[in-house]
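So the sequence shown is residues 1 to 123, counted in full-length UniProt numbering.
Positions of the beta carbon are idealized from the N, C-alpha and C atoms, including for glycine.
Below is one structure; the comments refer to it alone.
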Amino acid sequence: AQMVWKKILSSQAPRISVFMAVPTIYAKLIEYYDQHFTQPHVQDFVHAFCQQNIRLMVSGSAALPVPVLEKWKSITGHTLLERYGMTEIGMALSNPLHGVRVPGSVGTPLPGVEVRIVTGTLR
1 AQMVWKKILS
11 SQAPRISVFM
21 AVPTIYAKLI
31 EYYDQHFTQP
41 HVQDFVHAFC
51 QQNIRLMVSG
61 SAALPVPVLE
71 KWKSITGHTL
81 LERYGMTEIG
91 MALSNPLHGV
101 RVPGSVGTPL
111 PGVEVRIVTG
121 TLR
């Protein structure tokens with residue numbers, strides 16, 4: 001987690017402008033933040049830096065717990081963009097890039113994608 005925070009907060013090129021991770025990574029980064037970034041001026045720096053330098057932060061591949069989403073927003077000012085996809089099909093579902101994002105939802109099908117929910121017997 002320390003190395004990831006160091007890269008996120010680096011002003012050296014190449015800088016991060018888009019950050020994508022699975023929920024477990026966000027949880028570990030929050031844990032590190034809570035243990036090491038305890039001073040208010042450091043927390044203010046992290047929030048301001050992320051707002052000014054990172055364009056988009058995305059979570060995918062597993063369900064994102066709402067408390068992780070909320071804590072991440074309080075740390076960075078970013079509402080994580082939740083998406084669902086897989087190696088075999090690419091991105092299939094997403095919350096909107098711009099607009100209201102529903103916590104705990106992977107959003108709606110992307111253009112050209114049809115989705116249906118089936119049981120184990122394909123009904």
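Limits of the beta strand (DSSP E) - the one that residue i falls within
i          : result
residue 45 : Note, residue 45: premise wrong, no beta strand (DSSP E); alpha helix (DSSP H) at 40-53.
Helix, strand or coil at residue i [DSSP, three-state]
i          : result
residue 92 : strand
residue 18 : strand
residue 68 : helix
residue 81 : strand
residue 87 : coil
residue 76 : helix
Separation of residue j from residue i, as counted between CA atoms
i           : j           : result
residue 5   : residue 88  : 30 Å
residue 111 : residue 102 : 19 Å
residue 50  : residue 121 : 46 Å
residue 26  : residue 67  : 11 Å
residue 45  : residue 29  : 16 Å
residue 70  : residue 119 : 32 Å
residue 33  : residue 114 : 39 Å
residue 41  : residue 52  : 16 Å
7 Å Cβ shell around residue i - same chain, five flanking residues per side excluded
i           : result
residue 84  : 60, 92, 93 and 106
residue 108 : 93
Cβ neighbours of residue i in the same chain (closer than 6 Å, five flanking residues each side left out)
i          : result
residue 82 : 59, 64, 95 and 106
residue 1  : 28, 29 and 32
Opening and closing residue of the alpha helix (DSSP H) in which residue i lies
i          : result
residue 56 : Careful: residue 56 lies outside any alpha helix (DSSP H), inside the beta strand (DSSP E) at 56-59.
residue 24 : 23-36
residue 2  : 2-8
Cβ neighbours of residue i in the same chain (closer than 8 Å, five flanking residues each side left out)
i          : result
residue 35 : none
Q | Stretch pair the stretch 50-61 + the stretch 4-21: three plus CB contacts closer than 8 Å | A | yes
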